[in-house]
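Residue numbers (the UniProt record's numbering): 1 to 328. We treat Cβ as the ideally placed atom computed from N, Cα and C, and that holds for glycine. Written below as structure tokens is the structure these notes are about.
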């Protein structure tokens, strides 16, 4: 029995499912988990979908958004747990407890660093997003992709391709998007909400964050910082300002952009982006993180924000020396 047949048997024969993704969910994780939630609901299954903390309000247009639960709201046991867009168990945060409350773990992901922690692992590092993988699974399993599911999958793909600007966008990606548009989704409105929409307070936050901009390596590397104090002063959330890390990467000369975000006392989430050739995943891996060649992240604790910035720049300088040696 191949993986597709196993998956079909599990979905058809079991009744109680849970769905979860990584901490600090982004558009790919939100679109993916809600597409699967809607699919399983359409199949008359019992489904709980979880995120750690609060789901980003910018995705509230997605069907099922208001049914998302916090892990503290449930101690149930499930027949099967779907883990989507999550490279390893630790990225689940508090939701990691769900792994102990199920008989079957199905791990669906597109991160090359995924450690295959599921009973069934469906990993495609060439896919633009988990949404792209799910589209093909739904089609191959002959499940109906409704307009609501299509909106979720489109959200997933648009988010992880940077609005089709990133190099992970393929001709297959665009053919899938065409099929999703054919379901009647309001694709222009969804695109605007994901890529362009910002609140007034979000714009104020952008101003504060860009004021921290620093340039290194003759303009090839740039950093910005986001503190909890900035969020409080602007009375806003990070997602109201869009993808801040993309702002620093999009500077003309910059190859690597870094956003250092304070999430707790002496705890910082680092987001890396590269433009053409630098593998930021390798830097993230040094700190227990992971991701893709051009988009990666990690968490660093027990250091100040300035210490972290200096250390990251030193690591990138070392990697750059090796890169130049390999290419000379």
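Residues that residue i bridges to, as DSSP identifies them
i	result
residue 17	47, 80
residue 221	216, 256
residue 226	261
residue 267	264, 301
residue 272	258, 296
residue 145	In DSSP, residue 145 forms no bridge with anything.
residue 70	51
residue 23	None; residue 23 has no bridge partner.
Close Cβ partners of residue i (< 7 angstroms) along its chain, the five nearest in sequence each way excluded
i	result
residue 184	147
residue 149	35, 38, 39
residue 315	283, 286
residue 199	236, 240
residue 143	39
Nearest-angstrom Cβ-Cβ length linking residue i and residue j, presumed shorter than 8 angstroms
i	j	result
residue 83	residue 107	5 angstroms
residue 320	residue 213	The pair is not a contact, with the Cβ atoms about 20 angstroms apart (cut-off 8 angstroms).
residue 109	residue 95	That pair is no contact at about 15 angstroms.
residue 24	residue 269	7 angstroms
residue 222	residue 251	6 angstroms
Pairwise C-alpha distance: residue j and residue i
i	j	result
residue 265	residue 238	18 angstroms
residue 197	residue 203	10 angstroms
residue 229	residue 201	14 angstroms
residue 317	residue 306	17 angstroms
residue 43	residue 303	48 angstroms
residue 256	residue 244	14 angstroms
residue 12	residue 19	16 angstroms
residue 173	residue 187	15 angstroms
residue 138	residue 30	17 angstroms
residue 328	residue 171	Unreliable positioning characterises residue 328 in this predicted model, as indicated by a pLDDT of 46, which lies under 50. A coordinate reading is not provided.
residue 123	residue 290	15 angstroms
residue 382	residue 151	The question about residue 382 has no answer here: the residues shown for the chain are numbered 1 through 328.
residue 181	residue 253	35 angstroms
residue 168	residue 56	24 angstroms
residue 232	residue 99	35 angstroms
residue 193	residue 157	14 angstroms
residue 322	residue 179	43 angstroms
7 angstroms Cβ cutoff met for residue i and residue j
i	j	result
residue 155	residue 27	yes
residue 271	residue 259	yes
residue 131	residue 32	yes
residue 133	residue 119	no
residue 308	residue 300	yes
residue 68	residue 49	yes
residue 226	residue 248	no
residue 88	residue 129	no
residue 153	residue 80	no
residue 91	residue 22	yes
residue 66	residue 16	no
residue 140	residue 4	yes
residue 112	residue 125	yes
residue 276	residue 293	no
residue 176	residue 117	no
Own chain, CB closer than 6 angstroms to residue i, minus 5 neighbours either side, in chain order
i	result
residue 63	38, 148
residue 195	163
residue 267	301
residue 166	none
residue 295	273
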